Amino acid sequence: MSTNLLGLARGADATDVILTGDRPTGPLHLGHYAGSLRSRLALQGHCAQTLLIADLQALTDLSGRAAHVAQHVPEVALDYLAVGIDPALTTITVQSRLSALSELTVLYLNIVTVARLERNPTVKAEVELRGFERDIPAGFLCYPVSQAADITAFRATLVPVGDDQIPMIEQTNEIVRRVNRLAESAILPECRALLSNTPRLPGVDGRKASKSAGNAIPLSATPDEIRRLVRAMYTDPGHTRASDPGRVEGNVVFAYLDAFDPEPIAVHELKAHYERGGLGDVALKIRLEDVLEALIAPIRARRAELSRDHAYVMEVLRAGSERAGDITEDVLRDVRGAFAL
Ligand code: TRP
359 MSTNLLGLAR GADATDVILT GDRPTGPLHL GHYAGSLRSR LALQGHCAQT
409 LLIADLQALT DLSGRAAHVA QHVPEVALDY LAVGIDPALT TITVQSRLSA
459 LSELTVLYLN IVTVARLERN PTVKAEVELR GFERDIPAGF LCYPVSQAAD
509 ITAFRATLVP VGDDQIPMIE QTNEIVRRVN RLAESAILPE CRALLSNTPR
559 LPGVDGRKAS KSAGNAIPLS ATPDEIRRLV RAMYTDPGHT RASDPGRVEG
609 NVVFAYLDAF DPEPIAVHEL KAHYERGGLG DVALKIRLED VLEALIAPIR
659 ARRAELSRDH AYVMEVLRAG SERAGDITED VLRDVRGAFA L
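Per the numbering used here, the very first residue in the sequence shown carries number 359; after that it's consecutive.
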């Protein structure tokens, strides 16, 4: 493992059990790559690791688009495989195929209050973002409990997530402590978040990147899409002529160069040049296009190859879910015991 990869997985040790997940709502993008796929690749082979495609969680706010969610389950699996997740080293599974997760959720719902769920800052922010107001689906309000079920069902100790998910980890640990108290024994371990050391990658317009806003660069982007999205990137509105001094802070092109350019010293020099004046946006964007094309080209090629073998992708999910089923059923047995079942 290179030093770079070790750096990405700092905070993990070989005894850690890793569980993380993604909602299958659209293709994964470069924000996912910088924020979490890279650390998953670094951890692979060093710790037991499971990736959960969280289709039931996606349904908590997309029940009206169930077919869309179902379609994206194999798409997310393809994204994982294309970036180099190896199913021999990392278990890839699907939330809805593991009935133990649903049973654990139902049990945990008895030890969590509605007031506590309403206070969860992630849920609060998402409710606002989606404009639910009073019409919050009950499943959506309760999804932190289902996420606690996901994490504990694997006895996970380390959860690589974005900083927006920290409240989920806290709420999971509260549930863990309550279950252990009921069981009068430490049947579940507490977990901690593994945060990425790169700041959250913005969308090309400088706002939060999202699949639905169309401001994210998909991992499967074509060279044309890369060019179009890089050309559209928000830079410094005050930097109208190349000779003007420009601002690096809040400049999306530099955020992407920081995240992906393999030559950080060169990027450092470019920043100084940009701030002094004399470096145009177009030259910078051309560099970024090259950097992103070099990163994405092998991912795109592998994805195209794998997408021709649907049966292989389905077999990866079947085998992963079988393995995950054994683990989660074992945990469910213990937790049922804590509830005298
Ligand atoms: N809530 C996570 C997201 O929206 C996805 C997720 C589901 C997850 N289950 C999980 C993440 C368990 C970590 C652990 O990205």
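Note that the Cβ used here is the ideal one computed from N, Cα and C, for glycine as well.
Bear in mind the structure is a predicted one, so any value in this text is a computation, not a measurement.
Residues near residue i by beta carbon distance below 6 Å, same chain, minus five either side
i	result
Leu439	Leu664
Ile376	Leu401, Cys405, Gln407, Leu516
Glu551	A small fix is needed here, since residue 551 is Ala in this sequence, not Glu. Taken in chain order, the residues that qualify are Val517, Val519, Ile524, Ile527.
Ile469	Arg536
Pro576	Pro385, His387
Asp639	Thr593
Phe498	Thr418, Asp419
Asp380	Val434
Leu642	Val611
Phe490	none
Lys629	Val606
Arg661	Leu436, Ala440, Ser578
Asp692	Ile545
Asn609	Thr593, Asp594
Phe697	Leu465
beta-carbon residue i near ligand 1 non-hydrogen atom, thresh 6 Å
i	result
Gly678	no
Val517	yes
Thr378	yes
Gln415	yes
Gln407	no
Gln402	no
Arg381	yes
Ala412	yes
Asp508	yes
Gly505	The question names Gly, but residue 505 is Gln in the sequence shown. Flag set: Cβ of Gln505 near ligand 1.
Burial state of residue i (16 or more Cβ within 10 Å)
i	result
Asp374	buried
Ser454	buried
Asn555	exposed
Ile509	buried
Val472	exposed
Asp594	buried
Tyr670	exposed
Pro557	exposed
Val534	buried
Pro445	buried
Thr598	exposed
Leu395	buried
Val427	buried
Gly604	buried
Val485	buried
Gln505	buried
Ile584	buried
Ala370	buried
Asp684	exposed
Leu364	For Leu364, the predicted structure reports a pLDDT of 48, less than 50, and the residue's modelled location is therefore unreliable. A value from the coordinates is still provided. Under this definition Leu364 is an exposed residue.
Arg513	buried
Asp688	exposed
Neighbourhood of residue i by C-beta distance below 7 Å, restricted to the same chain and skipping five residues each side
i	result
Arg701	Missing from the structure shown is residue 701; the chain here goes from 359 to 699 and no further.
Ala567	His387, Gly389, Leu559, Pro560, Gly561, Asn573, Ala574
Glu461	Leu690
Ser601	Gly635, Gly636
Ser543	none
Pro502	Leu475, Asn478, Val481, Met526, Gln529
Neighbourhood of residue i by C-beta distance below 8 Å, restricted to the same chain and skipping five residues each side
i	result
Thr580	Arg658
Asn531	Glu548, Cys549
Ser360	Bear in mind that a pLDDT of 39 at Ser360, under 50, signals an unreliable position, so the number given afterwards is only what the model happens to contain. Closer than 8 Å at Cβ, skipping near neighbours: no residue.
Ser431	Checking the sequence shown, residue 431 turns out to be Val, not Ser. Same-chain partners within the cutoff: Pro382, Ile411, Asp413, Val452, Leu675.
Gly393	Gly520, Ser554, Thr556, Arg558, Leu559
Considering only residues of the stretch 483 to 560, which uninterrupted beta strand (DSSP E) runs meet the minimum length of 3 residues and lie entirely inside it, listed in chain order?
-> 516 to 519, 550 to 553
Mind the definition here: the stretch 644 to 654 touches the stretch 575 to 590 only if three or more C-beta pairs lie below 8 Å; say whether that holds.
-> By the Cβ rule, the stretch 644 to 654 counts as touching the stretch 575 to 590, because three or more pairs are nearer than 8 Å.
Looking at C-beta atoms only, is the number of pairs between the stretch 508 to 527 and the stretch 476 to 487 that lie closer than 8 Å three or more?
-> yes
Length-filtered (4 minimum) alpha helix (DSSP H) runs lying within the stretch 381 to 418 | 396 to 401
Inspect the CB distances between the stretch 444 to 454 and the stretch 673 to 689 and report whether three or more fall short of 8 Å.
-> Short answer: they touch.
Which runs of the alpha helix (DSSP H) fall wholly inside the stretch 423 to 484 and span at least 4 residues, in chain order?
-> 424 to 441, 457 to 466, 472 to 477
Any alpha helix (DSSP H) of 4 or more consecutive residues that is wholly inside the stretch 572 to 646 | 581 to 589, 610 to 618, 622 to 634
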